[in-house]
Amino acid sequence: MEGEKLILDKYIELSRDMGGKASIEGDTVHIIVPSEKLVEAASKLFNEYQCDFRVCVGTDERPLNGYFTITHIFTDNRNGLYVLLKTYIEPQDPKVPSITNAVPGADWCEMEARDLLGIEFTGRTPYRLVLPPEWPKGLHPLRKDVPYNYRPQIRGVSEKVSTTTETGVIPIGPYHPALHEPEYFELYVEGEKVVDVKYRGFHVHRGIEKLGETRMTYQQVNFLAERICGICGFEHSSCYALAVEKAAKLDVPERAQFIRSIVLEVERIHSHLLWLGVAFHVLGYDTGFMHVWRIRERVMYLAELLTGSRKTYGINLIGGVRRDINEEKKQKTLEVLRELEKEYKGLIEVALSVPQVRKRASGTGVLPREDALKLSVEGPTARASGIDKDARRDLPYAAYKYASFRVPVYTEGDNLARLLVRVDELVESMAIIEQLLDKIPKGPILLEKYEIPEGRVGVQVVEAPRGGDVHFVITGHGKPYRWRVRAPTYSNIPALRVMLRDQPLADAPLTIASIDPCFSCTDRVLIVRENGRREWLRLTGGLKI
Amino acid sequence: MSFVKKIIKPVEVLVVASKTGRVTIKYPFEEPWISPEFRGKIEIDPTKCIGCGACVNACPPNALEMIESEDKKTLRYFVGRCIFCWRCIDVCPVGAIKGTRNFELATNDPLDLYDYIVHNRVKCRECGKVTGETTRMLKYVLEKAFVTENYNNKCPDCRKKIFINAISMRRTGPVGEKT
Amino acid sequence: MEFILLTSTSITVLLVNTILPVIMDGVERKIKARIQSRIGPPIVQTLYDLLKLLEKEVKPLHIMPFILLTIIAYLSTIIASLYFINLYTITGEAYYSITAITLFAISLTSNTLTPLLLPSPFTYTGGMREVILSIVNEPAFIVSFVLASTSLRLLNLQSPNIWILIALSISLTTLVLSSYAITGRIPFDIAEAEPEIASGVLLEFSGKILALLLLSNLIKRFIVKYIVSSLILVYIIGAGLTCLAASILLTIALWIIYAIVAAILGRSRVDLAPITLGKVYILLLALSITVLLVGIYGG
Ligand code: SF4
Ligand code: SF4
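Residue numbers (the numbering used here), protein chains in the order written: chain P, 1 to 545; chain H, 546 to 724; chain S, 725 to 1023.
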């Protein structure tokens, strides 16, 4: 424990140097610094201590203490620590320095806080990210004085496709057969080469955070959280439950944690199989697509058997889970896994031997390691670019500390690497489920009595199939006071700029698909095009990286 | 040789296909593949429900709503909002809600999507004001708790009044209307 | 008298020829479904689709006359081409086959031009992709056809010249390869595939016009195989009605083989496909020409 002490001392020292204070609660280090030191502290955490930037959270704490706050969430992956860098902002004319120059990945979350809470960030170019263009100025929905059901009168304005003479414009979306969710791209092409992209997201911003903070109760939010994403919803509800449990310091039964981990892995398997199918479809290999989805159906059935639903399992509650895994289900699960593994290995070998699959995936959409690090990308996108990070191992939660598994890492950073990371992870996931089923302890699955004190902070990262989900909770009376969600695609979309730059148009669909984007759960993106012909993809709103 | 093998490999998908056969079914003419654990539409037993509203409080998407009127309390279930989480089943004190495996809920008539259970509200024996409870709830409480029917069928205001009266009687005799 | 007989037979066969592709498309879908472990649509599904499209209204385009013109040109030349192949299989006259292939080439050109007339960026990009592919494919198809038929004419079965035999096999390979590529199946369906973002040559068409285009595309698929079959079979079993029937059967067989091949491959990339194809064609054609010349003058 000597080493851990030293590491904690390091953070305490940092806060002292910055004229702030630090406190430690469990695996979370809370650092509060004055706002003029914020940039320095963030840059030190990010560059010197090599902490991983996850997201920033703006909060309207005026009813509590009269201030707005902004909290930058870092994780120290090597030591399994969460580091929260917080600063208070004056309520009149809230202004805080932007950390984007030091931490480029903070771009969107700052703009989101600006839109939703009205916090201005100095030292950067602001732009509207979340709210539609016609939304009234000065109305910031996440402020506590705005009722959740308030609907301003806005008239929709239709936007014209921008046309230029030098480049061809290909509008894609908001509805397009190749897109699965409403988002809008404008690809600027010269011949078959993409020279620029404009992206407009947030068509499906649903105000989930506001809803969770106002209309629902702690237990109900579990079900809402599960609906953030249609594919990896259980990660969100687990992440939320774990965050609240961490904040309230609840002692959740071990058996419940095992069941969570098992179901999380079931979800990862089905999600990766789904992605493989989609990737094959994009590559025109429909036979592979159909067969992958055929074997995926076994997993869906398994999920239904374990939880009662094919998707949106609905078994997470604060304090545990609602469905137990009995001996019969355990045997059935093992049987399904055995069959699945056999079929999967045979199938994937055949699919990867199809010449077009390999040829189109290798060498395209390259994301170099440096860019990946700077942008704090998540999940398979990071692991394919040589960043060895996986929250299941680095920040162990649920029952992952009882399983041993390999984290596949590739260094090429191309579409093939991202494909192979997922191919390998699938096998690991099956092994994890087997191990956990073997070790699952006896006992209750749900905490019957508990109390959630107000004003506590809990933050949790859960490794979803697409990367780390982050949930940040400040507890309140009967419901969360602040609930911040960040889906992994939120961090990964900026990397598309690097991947698509100067690449043939024909690679674009695969490259976009390769981060396994989930627009409905992210929907926080904007790519602004700057004038001029050779502008690179401005996926980060004009920010130079 | 290995080169040829590599080229031939994709053809193996034919082997996979012939081994698997057809997996799709002629739904709706054949039974879909549903596990025994599947959570489908719920059914509320109107004879058992006491109108306590516990399910309404638990239901995450407000699929269950309690509509209150002058002398009625109506529990409304709207399938269109239901997420089939069965939280209502967990919390119902009398086990009035049953889960089914039914998921084929499409209909031509929107009214089919609603279920109503109407309860009568209790009138206070003392002042005649309508209270929040339903008649069945009172019966349920009578069975479960040590209260007399005489206490039970009065509204909280009257109970308070009677209680205060009783105490003050013991001390100083009856009190006036003002207290 | 003989001419009337000939004409009536080929017109009857023509009817068969136009219905058959529609059915064969259904068969192809069924085969694909089988390989993908699905039940798949019924065999007559394509027919249903076309009939349904005929009922739908047409979304007018402001350059309608041009579009109609190119589509009618496409359809009529392609049917004329079919007619001449029938004549060829019955009579075995070389000029019929030459007329057929010329008409076919014309029809392909008018087909590739259609999407370029439209203002939609999707259609335009898709059309450009198709043009690039057909620039590579069509010459290869025609040249290899000419080479193969020349070799066949020169080939003397009693004492086969080994060089000519080699030239024949190479040119036939090229012919089959290019006939596959022209049908626009995977991996060469780049211009139509929906996941390729900027594709969709058929995007702006609707109703009857779409039905006509789809039908002509199906007939196109039929013709490329039919030309190859008749070329081979006229040589082997000699011209006549048996040859006609046999050609149709061989076409069906080829169609099934093509369908299986298409199901087990992925889609090629738009810039790779033409380049790779072009290289292969040039190599094969150059080889077969050289060998043929050696066969003629050397042997
Ligand atoms: S199943 Fe869930 S959503 Fe449906 S009525 Fe019950 S609690 Fe509400
Ligand atoms: S919880 Fe049960 S008894 Fe109470 S209202 Fe709901 S269905 Fe009726």
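Where is the CB? At the ideal position from N, CA and C, for every residue including glycine. Values in this document were obtained by computation on a predicted structure and should not be read as measured data.
Residue i vs residue j beta-carbon contact at 8 Å
| i | j | result |
| --- | --- | --- |
| S/PRO998 | S/LEU857 | yes |
| P/PRO494 | P/GLY467 | no |
| P/ALA446 | P/ARG322 | According to the sequence displayed, residue 446 of chain P carries Leu and not Ala. For P/LEU446 and P/ARG322, yes; Cβs fall inside 8 Å. |
| P/VAL146 | P/PHE202 | no |
| P/VAL485 | P/ILE154 | no |
| H/LYS564 | P/SER353 | no |
| S/GLY990 | P/TYR285 | yes |
| P/THR287 | S/ILE1020 | no |
| S/LEU889 | S/LEU1016 | no |
| P/PRO141 | P/LEU116 | yes |
| P/ASP52 | P/SER376 | yes |
| P/ALA559 | P/ALA513 | The structure shown does not extend to residue 559 of chain P, since chain P is modelled only from 1 to 545, so the question has no answer here. |
| S/LEU806 | S/ASN741 | yes |
| P/THR69 | P/ILE89 | yes |
| H/ARG626 | H/ASN607 | yes |
| S/LEU774 | S/ALA935 | yes |
Option nearest residue i by Cα separation, candidates the options
| i | options | result |
| --- | --- | --- |
| H/ILE642 | H/CYS630, H/THR652, H/ALA651 | H/CYS630 |
| P/VAL336 | P/LEU500, P/ARG310, P/VAL299 | P/VAL299 |
| P/ARG200 | P/ARG215, P/GLU183, P/LEU211 | P/GLU183 |
| P/LYS311 | H/GLU678, H/ILE595, H/ARG584 | H/ARG584 |
| P/CYS232 | P/LEU250, P/GLY314, P/PHE289 | P/GLY314 |
| S/LEU832 | S/GLY924, S/PHE808, S/GLY816, S/ALA797 | S/ALA797 |
| S/THR897 | S/PRO745, S/LEU1008, S/THR907 | S/LEU1008 |
| P/ALA399 | P/GLU378, P/LEU437, P/ARG78 | P/LEU437 |
| P/ARG268 | P/VAL462, P/ILE73, P/ASN47 | P/VAL462 |
| S/THR966 | S/ASN861, S/LEU811, S/MET788 | S/LEU811 |
| S/LEU996 | S/GLY816, S/VAL958, S/LEU974, S/VAL860 | S/VAL860 |
| P/THR71 | P/ARG360, P/ILE32, P/ALA372, P/LEU81 | P/ILE32 |
| S/VAL855 | S/LEU937, S/PHE808, S/ALA915 | S/ALA915 |
| P/LEU367 | P/GLY319, P/ARG294, P/THR511, P/GLY346 | P/THR511 |
| H/ILE634 | H/ALA603, H/ASN697, H/THR680 | H/ALA603 |
| P/GLU235 | P/VAL204, P/THR475, P/MET216, P/GLN257 | P/GLN257 |
Between the CA atoms of residue j and residue i - distance to the nearest angstrom
| i | j | result |
| --- | --- | --- |
| P/SER15 | H/THR676 | 58 Å |
| P/TYR11 | P/PRO104 | 22 Å |
| P/PRO97 | P/VAL244 | 30 Å |
| H/VAL692 | H/MET682 | 13 Å |
| S/VAL994 | P/ALA506 | 6 Å |
| H/GLU678 | H/CYS597 | 8 Å |
| P/GLY320 | S/ILE984 | 51 Å |
| P/LEU416 | S/ILE988 | 20 Å |
| H/CYS700 | H/GLY673 | 9 Å |
Exposure of residue i, with buried meaning 16 or more beta-carbon neighbours within 10 Å
| i | result |
| --- | --- |
| S/GLU928 | buried |
| P/GLU265 | buried |
| P/ILE24 | exposed |
| P/ARG260 | buried |
| H/PRO581 | exposed |
| H/THR724 | Residue placement at H/THR724 is flagged as unreliable, the pLDDT there being 44, under the threshold of 50; a coordinate-derived value is accordingly withheld. |
| P/ASP60 | buried |
| S/MET788 | exposed |
| P/ASP17 | exposed |
Neighbour flag for residue i against chain B, beta carbons, 8 Å
| i | result |
| --- | --- |
| P/THR312 | Protein chains in the displayed structure are P, H and S, and chain B is not among them. |
Residue i: CB within 7 Å of a non-hydrogen atom of ligand 4
| i | result |
| --- | --- |
| H/PRO638 | Looking for ligand 4 in the displayed structure turns up nothing; the ligands present are ligand 1 and ligand 2. |
Along the region 599-626 of chain H, what residues have a CB closer than 7 Å to any CB found in chain P?
Those would be PRO605, in chain order.
Contact list for the region 835-864 of chain S against chain P, Cβ threshold 9 Å
PRO845, PHE846, TYR848, THR849, MET852, ARG853
Listed in chain order, which residues of the region 560-590 of chain H have Cβ atoms closer than 8 Å to some Cβ of chain P?
Residues of the region 560-590 of chain H with a C-beta less than 8 Å from any C-beta of chain P: VAL561, ALA562, THR565, VAL568, TRP578, ILE579, SER580, PRO581, GLU582, PHE583, ARG584, listed in chain order.
Can you pull out the residues from the region 731-763 of chain S whose beta carbon lies closer than 9 Å to at least one beta carbon of chain H?
ALA757, ARG758, ILE759, GLN760, SER761, ARG762, ILE763
For the region 975-994 of chain S, list every residue whose C-beta sits within 9 Å of some C-beta in chain H, in sequence order.
ILE984, ALA987, ILE988, LEU989, GLY990
Members of the region 547-560 of chain H that neighbour chain S once the beta carbon cut-off is set at 8 Å
PRO555, VAL556, VAL558, LEU559
Select from the region 627-642 of chain H all residues with a C-beta closer than 9 Å to any C-beta belonging to chain P, and list them in chain order.
ILE628, PHE629, CYS630, TRP631, ARG632, ASP635
Could you run through the region 293-307 of chain P and flag, in chain order, every residue whose CB is less than 8 Å away from some CB of chain H?
ARG294, GLU297, TYR301, GLU304, LEU305, LEU306, THR307
Can you give me, in chain order, the residues of the region 872-897 of chain S that have a beta carbon less than 8 Å from any beta carbon in chain P?
none
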